[in-house]
Every structure is written in C-alpha cells, then in structure tokens.
Amino acid sequence: MAVNDQYELYCLADRLFYDSPDNRQSEHDDFPVAGREVPVGWEHQPTDTWMHYAPADRQIAMQGWKIHVSARLEDADRVLGAVWDYCVPRDIPFKFLRSAPVVTMLNSKAAPRGSSGKLVTIYPHESELELALKELDTLLRGVEGPYILSDLRYADGPLYVRYGGFVPRYCLDDSGEQVTAIENADGDFVPDVRGPSFVVPPWVQLPEFLKPQLEARNAVTTGGLPYEIEAVMHFSNGGGVYLGWERRTGERVVLKEARPHAGLDAGGRDAVARLQHERDMLQRLKGLDAVPEYRDYFTLGEHHFLVMEFVDGNPLQRQLVQRYPLTRANCSAASLAEYTAWVLEMLPRVRDAVESLHRRGVVFGDLHPNNILVTETGRVVLIDFEVAMPVEDQGRSLLAHPAFLAPPNRRGAEVDLYSLACLCFGLFAPQATIMLPLANNKITQLAHLITTTFPVPPETIATALRTIQGDAATPPAADVDALSFKGSPEWPSGVDAMVRAILATATPGRRDRLFPGDIAQFRPGGGVNFAHGAAGVLYALDAARAGRYPEYEDWLLDRVSQPAPGTPLGFYDGLHGIAHTLDRFGHRDTALDLVDRTMREDWRRLDTSLSTGLAGIGLNLLHLGLDAQAVIEACADRLPDDVPELSGGSNPRAGLMHGSSGSALLFLHAYEHSGDHALLDLAERALRQDLRRCIRTQDGSLQVNQGWRTLPYLEEGSVGIALVLDRFLTHRPDEELRADLDALQLVTRCGFFVQPGLFAGRAGLVLAEPDLIPGLAWHALPYRDGLAFPGDQLLRLSMDFATGTAGVLLAVSGAPLPFLRPPGVHTGSGAPL
Numbered sequence: 028m029a030v031n032d033q034y035e036l037y038c039l040a041d042r043l044f045y046d047s048p049d050n051r052q053s054e055h056d057d058f059p060v061a062g063r064e065v066p067v068g069w070e071h072q073p074t075d076t077w078m079h080y081a082p083a084d085r086q087i088a089m090q091g092w093k094i095h096v097s098a099r100l101e102d103a104d105r106v107l108g109a110v111w112d113y114c115v116p117r118d119i120p121f122k123f124l125r126s127a128p129v130v131t132m133l134n135s136k137a138a139p140r141g142s143s144g145k146l147v148t149i150y151p152h153e154s155e156l157e158l159a160l161k162e163l164d165t166l167l168r169g170v171e172g173p174y175i176l177s178d179l180r181y182a183d184g185p186l187y188v189r190y191g192g193f194v195p196r197y198c199l200d201d202s203g204e205q206v207t208a209i210e211n212a213d214g215d216f217v218p219d220v221r222g223p224s225f226v227v228p229p230w231v232q233l234p235e236f237l238k239p240q241l242e243a244r245n246a247v248t249t250g251g252l253p254y255e256i257e258a259v260m261h262f263s264n265g266g267g268v269y270l271g272w273e274r275r276t277g278e279r280v281v282l283k284e285a286r287p288h289a290g291l292d293a294g295g296r297d298a299v300a301r302l303q304h305e306r307d308m309l310q311r312l313k314g315l316d317a318v319p320e321y322r323d324y325f326t327l328g329e330h331h332f333l334v335m336e337f338v339d340g341n342p343l344q345r346q347l348v349q350r351y352p353l354t355r356a357n358c359s360a361a362s363l364a365e366y367t368a369w370v371l372e373m374l375p376r377v378r379d380a381v382e383s384l385h386r387r388g389v390v391f392g393d394l395h396p397n398n399i400l401v402t403e404t405g406r407v408v409l410i411d412f413e414v415a416m417p418v419e420d421q422g423r424s425l426l427a428h429p430a431f432l433a434p435p436n437r438r439g440a441e442v443d444l445y446s447l448a449c450l451c452f453g454l455f456a457p458q459a460t461i462m463l464p465l466a467n468n469k470i471t472q473l474a475h476l477i478t479t480t481f482p483v484p485p486e487t488i489a490t491a492l493r494t495i496q497g498d499a500a501t502p503p504a505a506d507v508d509a510l511s512f513k514g515s516p517e518w519p520s521g522v523d524a525m526v527r528a529i530l531a532t533a534t535p536g537r538r539d540r541l542f543p544g545d546i547a548q549f550r551p552g553g554g555v556n557f558a559h560g561a562a563g564v565l566y567a568l569d570a571a572r573a574g575r576y577p578e579y580e581d582w583l584l585d586r587v588s589q590p591a592p593g594t595p596l597g598f599y600d601g602l603h604g605i606a607h608t609l610d611r612f613g614h615r616d617t618a619l620d621l622v623d624r625t626m627r628e629d630w631r632r633l634d635t636s637l638s639t640g641l642a643g644i645g646l647n648l649l650h651l652g653l654d655a656q657a658v659i660e661a662c663a664d665r666l667p668d669d670v671p672e673l674s675g676g677s678n679p680r681a682g683l684m685h686g687s688s689g690s691a692l693l694f695l696h697a698y699e700h701s702g703d704h705a706l707l708d709l710a711e712r713a714l715r716q717d718l719r720r721c722i723r724t725q726d727g728s729l730q731v732n733q734g735w736r737t738l739p740y741l742e743e744g745s746v747g748i749a750l751v752l753d754r755f756l757t758h759r760p761d762e763e764l765r766a767d768l769d770a771l772q773l774v775t776r777c778g779f780f781v782q783p784g785l786f787a788g789r790a791g792l793v794l795a796e797p798d799l800i801p802g803l804a805w806h807a808l809p810y811r812d813g814l815a816f817p818g819d820q821l822l823r824l825s826m827d828f829a830t831g832t833a834g835v836l837l838a839v840s841g842a843p844l845p846f847l848r849p850p851g852v853h854t855g856s857g858a859p860l
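When the count follows the numbering used here, it moves up by one through the sequence shown with no breaks and lands on 860 for the last residue.
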C-alpha cells in the first residue's frame, strides 16, 4: 500500500483522526491584510484556509477565466497588499490563503501537484481580464513563486490564468467520483479538470492576447539536452523522476526534477534546496556500493535536474508483495518458513548498506522498502538522499515514510536504526508500524502476533522491539502479553468496546461531521452520507443491536433538511443512503422527501454502480416500496450484450460497489419482487461481465484485475462479486458459475490484509467468512475505554462505515449489508430485501 499524499494533509489538524485542514487550530497570526476592514458594500467569508471577498451587488459569473497569483512566503505580504489595493476599487472579487502555515501546507510535497502554488485567486469579468493581467504584472514585478502547473503563465512573473468554475458546482467523473464541475457548450456539467498541465476546454476559445504565452510555454522542450527522457517513474508536487539515457554514451540514467519554490517541507525548504542537498550527499558518498553514482546537474526552464546512475533493481517493497505468504490462499508452514528465511537474509544486507553510510558520516533519514533496490546480482542500493544529513548534525527528517518515521527523541544515526527496526516488523506485518503513534503498546502486540505466526527467532523481533521502544530492558517479544481479539487483560475487546469507541468520538456540536472518518467526509454530503458520514454509523450501531441514539438522529435530520450544495444522489455517497437510514428509524416522511428530491434531479446521468449510481438508487426504491422500473430499465439498457476483452491497459471497475455486480444485485431483487425471469437473465449477464474482469492468481483464487494489482475486497474485488453470485445461484444453479464462486471465495483463506475496513479490508471478507474475525487483531487499537480501527492508509482512526470502526462493528456482529439479506426477508415497508 503506497501512502496517498492527500491523506497526509488531513493528518495535520488532529493527532488521532483525519480532519479538514480548515479545522486546524491555528497557532499563527493571519497575514496582516486579513486584518483590514471589509470595504463598504463588500461581503467577506472567512474559512480556516481562505479569506473570500466580493462586492455584494456584483453579478459573479458561474465560470470563466480566473487569475491566480503565486508567491514565496517572503513575498506574500507585498502581494496581498497589492491585490487588495487593485481589486477593491475595481469591484473585482478575490480570495487569498489566510496565513503562512496554510501556504506551506498547500504547497507541500504532499499537496496535489496540479493546483498547488496558489496564494490568491481573482475572479474578473472576461472584459477585465487582459487589463487586469497587464496592470497586476507591473505591480508585482520581481515577485517569485512556484509554477502553477494547471495554469498558463502570463509573462514571466507570478500571474497565471485558467478557465474554470467561479462557484462550487459538482458532477461525477468517469470513475463515479464527485468532482467540481463546469458547464459545457451543450449545458451539461462536466468535470472542471485541474491536472498538472494547462488545458483549455474544447468549447472555450483561448483569448487572442494569451496565445503568445501559450507559445512561450510550448517552446521549452528537452530536445537540446544531452539526455533522452524514456519514461516517467514518479511525480510529486516537488517535481518528477524520469528514466532516460545519455545520447552520447547510451548509458541509462535517472533524472530527478525539482521545481523552484514548490514541494515545501516543514522547515520551509523547497524541492530545489533538497535536490541540491541530495547532489551534495551523493558526491560525499561517491564510491559506495550502496549509493547510486552521481552523473550531472543542470537546469531547464527554471527546473533543476539531478542525473544519477540507473540501478537496475527491484524495490524491496515489490519483492515483499511478490513473496509475502499470508496474502495467498495456499499459505503453508513451508511457505512461511521460506519467506522468513528470505527476510532474515535480507535484513543484515540492508543494515550493512545503511552502516556504510554511517561510516562516511551520513544518516540516510528516509529508509523504507521503496527506497531500497535489490539487483539480480544481490547488490543493495539506497535511493532518495534528499533528507540525508551529516551524523554530527544530530538531526531528524520530517519527510520520512510514516511507517518508518522516528519519534522526536531519536537523532542522528538513531533515526536510521529506528527505521531498520521498523523494517524488521514491516516485512512480517506490512505497513503495520504506521499505527504506532496511535497506541503506545501496539508494537508489543505486533511482536507477539509476528512471533506466533512466523518461525522467526524471538530474539530478532525482541531486538527490533527494544530499538523501537528505546528501552534496553524490554523483555523478549515472546514473553509479552498481546491482544487476543476475543479478550485481553490490557485492552477492551469485542462489539461493546467498539460501540463505546464510536460513541466517544461523537461531536454533535460540529456541523460538518458527527463521527470522524475518512477524508471523503469533507466532500459535499460526506459528513452525512452512508459510506463516510453519520447515516452509515447510525445504521451500523442499530444493525449490530447497539441501540438507537435520538440526539444523533436529530443531528442527521437537521443537516439533511437543507442538503449541502453538491450532495450526491446515490446510495453510499448521497441522499438515497441517508433516506434508507432515516426510513429504518421511522422518519419515513423525511426519507420520502429526500428520495423525491433525487428523482427530480437528472438521475439518468449517474453511473450504474451500487455506490454512487443507479443500482443503489433502484435498490432503495424497491426497499421503500416505490416504483423502480425506470431505474431498472436504465441499468439494463447500459448493460452490453457481450463483455469486451480487457486490453490495452483498460481495466473497467468491477465488483459490488463500482462494477456490474451492483446492477446484478438490483436485477436479483427485482426478480424476487416480480418473478420475471428476464431479470434473472440480466443478473447473470452482469455477473459474467464482472467475472470477465477477474484473473486467476497463483494460489488459484479469482480476483478483480486492475492491471497492476489484483483485489479480493468487498468494494472492488472477489468477495463483493461472490456475495451476489451466491445469491444468484440460489435461483439458477450453474456448475460453471459455482466453480467461479468457489474460486472467488478462496480469498477468505488468506491470513493478512493491509487494512481492516469494510470496503477495502479484512472486515469486508468477514461478511463471507466469520473465521477471519480473530485476524482483526492486527489492526485493533484502544481508544479511551473502547476499541477502534484505523481508516484507509492506517494513519488515523476512523469511525465510519466504509473504512473504519462502524464497518468492522457491522461485520463482527453478523449484521448484513443493506440489500444483502437472504431472499424472502422483509422490512417494515413490505418490500423484499
């Protein structure tokens, strides 16, 4: 599991839970301009991120050409003062980031690279655009800032332009995600694309005066370099990493790019400063077998490039994924022993590589499996030296991988020793050390789980344990009591403990969310919906027989009385799922009102999925006893007669939540309601479509094929398809499909899953195989007097339905997902589920 950079931004506000950067308790003053009086006749809307200003009587366009101003922190006060003094007398709306920490956060290495770099956004009428750019260019002469990749630069200063939305409007993208939208020439909403390159929507004409700027942008090429770029290896907000070769010698090389003033770290250093530092470190370490050889350093179009030896090796992370036995259905004692032997052979080789740096007086500072290459000849090479440091500095990196990041009390060489100890744990329990900051004694429990699962010498784990705890007196791991999911003298356990944890996190005083969950809850409607918001948590509590909570139901009712603009319509992401929960609690009139709102919208534009689209809507209509025929027909019309072969890297989404299995479930319910065998035919066709998107893995299991990985999970994987296929076979037995079902269900024999959640983790497989429940101990964590689970990426606790404790609660309690009860079970509404 690669850490999603976006999640790290949502870790800044709270130590235990993902939270919006807007909810960060600022310890810093705003920029001075934010203290100015609001001009007479203007409206001001502050958030913890942006300060918005607009004339009250000005008609603001829905979309158009907007101006962005980029600036270094040292230029911010000057820029903001100049923009205020320019825009206010001309009645031009604008907004700006309110403080220096917010600027650093939104221009960090982890920030989205397409939209990063913006300090100010200005919303002129199109008739004002050219003059505003010319005059602001004069006013801001000499200001420097990061290049805004999504925009077109105006002249050579800090001004950029892009066509996009001025006010929030939303639509679904091709993958079914809710995204900001603009209106095309036909009046339809389409995604407002903010990628890492400047793109003009096809129906929009680039203003004539901007064409020279576009020509200047396109004039910068790599054609004159002594290097040919062959492929992109990695991108971040700070730059890219490319595979190439030297034209003169033909030697393959790696080129690492850094963008000026972009990719800031906690110390304020930009990507260029770190790249120059990496160059110096490589030169200092010249000749070491564990370090790539330095080749060159140059600039192109203000971007800096470091050229290094290409090491033809596999990252240790890739080897871990290929070898790790617990993710296979056919794991045996022999395979556990074979893997353990490989780990025990690899660990000292990595340690030797790290210690070779220490002998040169250098701390690596960012040790993790993706930064360790192993060649076919056995050479171990460390890569990415941008945070390496001299031993004598006794420093520590703040940019290290969170699963290997040393605590503040480790300095100098101790930073690498801590990461080596985490590597020892991480090769046996992948990514699990990410959770260590969430519970002080989690590491001792992991030690026990590892030593009772793998034939690893206890002293190997005990040594790593003592290093991580920083206590030489720590007893060997084999003597440490660890959590049994069924009970522990140290931690609470079981369903009641999970309920206590969920209830302890409720924040009814907040308007954006009631229970902390995934970062998706900060999208429109995310705090109230079924997957990530209050509706799903309250449903899980009730379904697990943990009771109803009128105060929290009232919170939900209040928030959906006027749904937030952009709230989706679907079941797991929007209004239909909320209506489902409210109907369950007897608030039928409100539920029907929400459904009526959705059906007055253009629901036909949605995809056919269970999560965000027509399948979920149709199922909820049937549940409520309403007419679902039009929705069923729309799903049927979009189901192809034949299933295309996967080719050319095209891997359509498959599985319960986003694939054709959701439509199959709808057709099955409609068949059980009407007895129309044509619906059973449609269900079979939909299931076969998802099965064609699966691949047989080495252990014989059938898993969803994403091209670069296979998935066993509920949301998009084997188990989600299996639950629907099993239901189908009760109506129409088929030997071929029964064999496919057996292959799909093989994944429930696996012993380890990187995440615990319901949609994309172990809990989803528990729905198909309760024997997997004890394995939830790998991720269980104490919270107050209860037990909780981390959400996606494992960086913070989550209480939501899709990723967190509420979903685990549902699975462990034996309660079913909505619409997946056995045939013939009825609800109070009288409609079959």
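Don't be surprised by glycine CBs; every beta carbon is placed ideally from N, CA and C. All values reported here derive from a predicted model rather than from experimental measurement.
- DSSP places C721 in the uninterrupted beta strand (DSSP E) bounded by 721–723.
- According to the DSSP secondary-structure assignment, C198 is paired through a beta bridge with V206.
- The residue among A109, V130, S745 with its C-alpha nearest the C-alpha of D297 is V130.
- By the C-beta density criterion, D201 is exposed, having fewer than 16 other C-beta atoms within 10 angstroms.
- The segment 145–152 makes no contact with the segment 255–264: fewer than 3 CB pairs, one atom from each, lie closer than 8 Å.
- Separation of the CB atoms of A642 and S690 is rounded to 5 Å, and the pair is thereby assigned contact status at 8 Å.
- As DSSP reads the structure, H95 sits in a beta bridge with T148, Y187.
- Secondary structure at V751: helix, using DSSP grouped into helix, strand and coil.
- By the criterion of a C-beta distance shorter than 6 Å, D102 is surrounded in its chain by V170, once the five residues flanking it on both sides are discounted.
- Relative to the Cα of A285, the nearest Cα in the group L738, K136, S362, N397 belongs to K136.
- In this structure, DSSP gives R378 a helical state, which the three-state scheme calls helix.
- Apart from sequence neighbours up to five positions away, the residues of its chain that approach M308 with a beta-carbon distance below 6 Å are F412, A415, ordered along the chain.
- Annotation for M462: K469, H806, L808, P817, L821 place their beta carbon closer than 8 Å to its own, counting only its chain and skipping 5 residues before and after.
- V226 counts as exposed, since fewer than 16 other C-beta atoms from the protein chains shown sit within 10 angstroms of its C-beta.
- In terms of Cα proximity to L327, the closest of D164, T249, V334 is T249.
- The straight-line gap separating the alpha-carbon atoms of I644 and H685 is approximately 13 Å.
- From the listed residues S825, R345, W230, the smallest Cα separation to R42 is found for S825.
- Burial is judged here by how many other beta carbons sit within 10 angstroms of a residue's own beta carbon; S588 has fewer than 16 and is exposed.
- For I659, there is no enclosing beta strand (DSSP E); the residue is part of the alpha helix (DSSP H) that begins and ends at 656–664.
- For a cut-off of 8 Å, the C-beta gap from L384 to A317 is around 7 Å, short enough to register as a contact.
- Ranked by how close their Cα comes to the Cα of I800, the residues R811, R776, D819, Y810 have R776 in first place.
- Apart from sequence neighbours up to five positions away, the residues of its chain that approach L124 with a beta-carbon distance below 7 Å are T76, W77, V130, L133, L146, ordered along the chain.
- DSSP places L454 inside the alpha helix (DSSP H), whose first and last residues are 440–455.
- Annotated three-state conformation of P82 is strand, per DSSP.
- Around A380, the same chain offers A317, V407, L409 as residues with beta carbons nearer than 7 Å, after the five sequence neighbours per side are excluded.
- Distance from the Cα of V206 is smallest, within the candidate group G222, D213, A212, for G222.
- Close CB contacts of F236 within its chain, under the 7 Å cut and outside five residues either way in sequence, are with E157 (chain order).
- Counting only runs of 4 or more residues that sit fully inside the segment 755–796, the alpha helix (DSSP H) segments are 762–772, 789–793, in chain order.
- In the three-state DSSP reduction, P352 falls in the helix class (H, G or I).
- The alpha-carbon of F58 is positioned some 56 Å away from that of T724.
- Residue pairing from DSSP leaves M373 without any beta-bridge partner.
- According to the DSSP assignment, I605 belongs to the alpha helix (DSSP H) that extends over 602–611.
- Here P151 has I119, A159 as same chain residues with Cβ atoms under 6 Å from its own Cβ, once five neighbours each way along the sequence are excluded.
- The segment 468–485 makes no contact with the segment 426–438: fewer than 3 CB pairs, one atom from each, lie closer than 8 Å.
- Below 8 Å, too few C-beta pairs join the segment 359–370 and the segment 390–398 to call them touching: fewer than three.
- Using a Cβ distance threshold of 8 Å, L692 and L741 do not count as a contacting pair.
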